[in-house]
Each structure stands twice: as structure tokens, then as C-alpha cells.
């Protein structure tokens with residue numbers, strides 16, 4: 001088994017071996033070698049899955065680290081502009097015919 005074998009190739013070969021075992025087309029003398037090859041392919045697939053999982057975890061860890069750097073508390077925060085105070089209506093104390101000021 002070479003490291004050049006892709007995950008897809010390993011799965012396809014495993015499926016081929018399984019179909020052969022299911023249809024009884026494997027000679028008894030060939031059975032042992034097919035089972036051994038299946039074990040190698042399964043190990044390869046597990047290794048590739050573990051490697052992919054580790055790589056994905058590193059990507060997410062790097063993203064989280066970047067997010068933490070972006071929100072560094074030592075950096076000055078951008079100033080926030082306070083919301084304007086609500087405008088209250090003036091009491092209506094004027095007489096009819098008078099201007100309200």
C-alpha cells in the first residue's frame with residue numbers, strides 16, 4: 001500500500017473486495033490476501049480521516065485565534081457616539097391667538 005492511494009481509491013477498492021466476498025467469487029486461497037488488503041485499506045482510510053480532522057481543527061483554532069486578536073482589549077476601542085437625548089414636547093401654556101414662544 002502506498003501513501004499515494006487516495007481515500008476515494010481505498011474506499012472503491014474496499015467496495016470491490018466486499019462485492020467479491022459477497023458473491024463468493026473469491027477463491028479460498030485468495031481470501032486471506034483480500035482480507036489483509038482490506039485491513040490495510042481500512043487503516044489508510046482511518047489515517048486519512050484523522051489527518052483531515054486534525055487539519056480542520058487547526059483551521060478553526062487559527063480562525064478563533066484571529067478573532068481573539070481582532071478583539072484585543074489592549075487596542076483602543078473606537079469611540080462610540082452617544083444617542084441624542086429624547087426631545088420632550090414643551091407644555092402648551094400659550095393663549096389662543098398668541099405665538100407659542
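In the UniProt record's numbering, the protein residues as written are 1 to 101.
Ideal Cβ placement from N, Cα and C applies to all residues, glycine included.
Of the listed residues the options, nearest to residue i (C-alpha basis)
i	options	result
residue 21	38, 66, 5	38
residue 5	42, 81, 58, 69	42
residue 13	71, 69, 44	44
residue 8	33, 46, 25	46
Any non-hydrogen atom of the ligand GTP closer than 6 Å to residue i Cβ
i	result
residue 13	Judged by which ligands are present, the structure shown has none, so any question about the ligand GTP falls away.
Beta-carbon contacts of residue i that lie in its chain and below 7 Å, excluding the five residues immediately before and after
i	result
residue 101	Confidence is the limiting factor: at residue 101 the pLDDT is only 44, short of 50, which leaves the residue's position unreliable and the question unanswerable from this model.
Buried versus exposed call for residue i [16 or more other C-beta atoms within 10 Å across all chains shown]
i	result
residue 65	exposed
residue 18	exposed
residue 10	buried
residue 81	exposed
residue 53	exposed
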